[in-house]
Amino acid sequence: MAVEDYTQPLLPGEGASDYERYLRTDELLALQKAPDEQVHRDELLFQTVHQASELWLKLSWTEAEDATRLIERGELDAAERLLRRSVLALQYVIAQLDMLEQMSPWEYQTIRKVLGHGSGFDSPGFRGIRRVAPQLGQAFAALLRERGLGVVDLYRQGREQETLYQLAELLIGWDEHVALWRMRHYLVVARVIGDEVVGTQGTPVELLGGLIKQKSFPELWDVRNQLTQLANERGPQGETRR
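First residue of the sequence shown: 1182, per my numbering; consecutive thereafter.
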């Protein structure tokens, strides 16, 4: 019986090991500028953060897109699992922004000169997030209509509609993390280049701050106002105030 040689890779492709071949590490680690191509050593930090963010954003919108299909098919537990993954991926995108604050505001100006018109507005990952959000909201709204429930009814009957309630909370959690990313991104940009300047694409930095209030699922935010109003209309013993 032949003894397997674990020192030799089985998979096709470039790389000395199956780990390197499966993950395509030769290609992945060649995507950043080499030291002799860099105008400043912090280009490696800058590219690493943004390239890693694109991978996590791709995972986030992919999971959200698949969750949408599951909701449409009525497979709600599976949809919930994927939405939790999607939210966690957004958490990682937000956390990585801490690294950009390790750059000197003055030294970053050297890097900024070689970015061309590059802007976060052109992020393929974030375009994917914006693309899947309406589809996800529509699928959830259709599910509520199918069950004969309004959003207020869902929240007032939350204990009796546990699965739908959890899905609603995941959607608003997803929306919240998108808003947190926008806010964190705005603050990082303001900290590094200032909040009264024009970005590399000719967009005022202050415009980023205005995007923080954008909502993908406004009805899930507004229901909080409605629930508070309903509660205020009722007395301490639950009677309706006149």
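Backbone N, C-alpha and C define an ideal beta-carbon position, used for all residues, glycine too.
- Three or more Cβ pairs drawn from the region 1231–1244 and the region 1266–1284 lie within less than 8 angstroms of each other, which places the two stretches in contact.
- Residue burial is scored here from C-beta neighbours: Y1187 has fewer than 16 other C-beta atoms within 10 angstroms and is therefore classed as exposed.
- DSSP, reduced to helix, strand and coil, places V1373 within a helical segment of the structure shown.
- Contact between T1384 and S1300 holds, with the beta-carbon distance rounding to 7 angstroms and staying under 8 angstroms.
- Under the three-state reduction of DSSP, V1295 is assigned to coil, being neither helix nor strand.
- V1332 and A1322 have their C-alpha atoms some 9 angstroms from each other.
- The three-state reading of DSSP puts V1379 in strand, counting E and B together.
- The secondary-structure analysis by DSSP pairs R1328 with nothing; it has no beta-bridge partner.
- Secondary structure of R1415 (DSSP, three-state): strand.
- In the same chain as I1310, and ignoring 5 residues on each side of it, the C-beta atoms closer than 7 angstroms to its own belong to L1238, S1241, W1242 and V1359, in chain order.
- For A1276, the uninterrupted alpha helix (DSSP H) segment begins and ends at L1257 to L1281.
- Taking a contact as a CB-CB distance under 8 angstroms, the pair E1195 and R1202 counts as one, their CB atoms being some 7 angstroms apart.
- For the pair of segments examined, the region 1255–1265 was found to touch the region 1347–1364: the number of CB pairs separated by less than 8 angstroms reaches three.
- Contact annotation: A1314 and I1252 have beta-carbon atoms that are not nearer than 8 angstroms.
- Across the structure, R1337 and L1401 are spaced so that their CA atoms are roughly 13 angstroms apart.
- Here the C-alpha atom of D1223 lies approximately 29 angstroms from the C-alpha atom of G1391.
- For G1354, same chain residues with a beta-carbon under 7 angstroms away, outside a window of 5 residues either side, are V1268 in chain order.
- Within 10 angstroms of the beta-carbon of H1298 lie fewer than 16 other beta-carbons, which makes it exposed.
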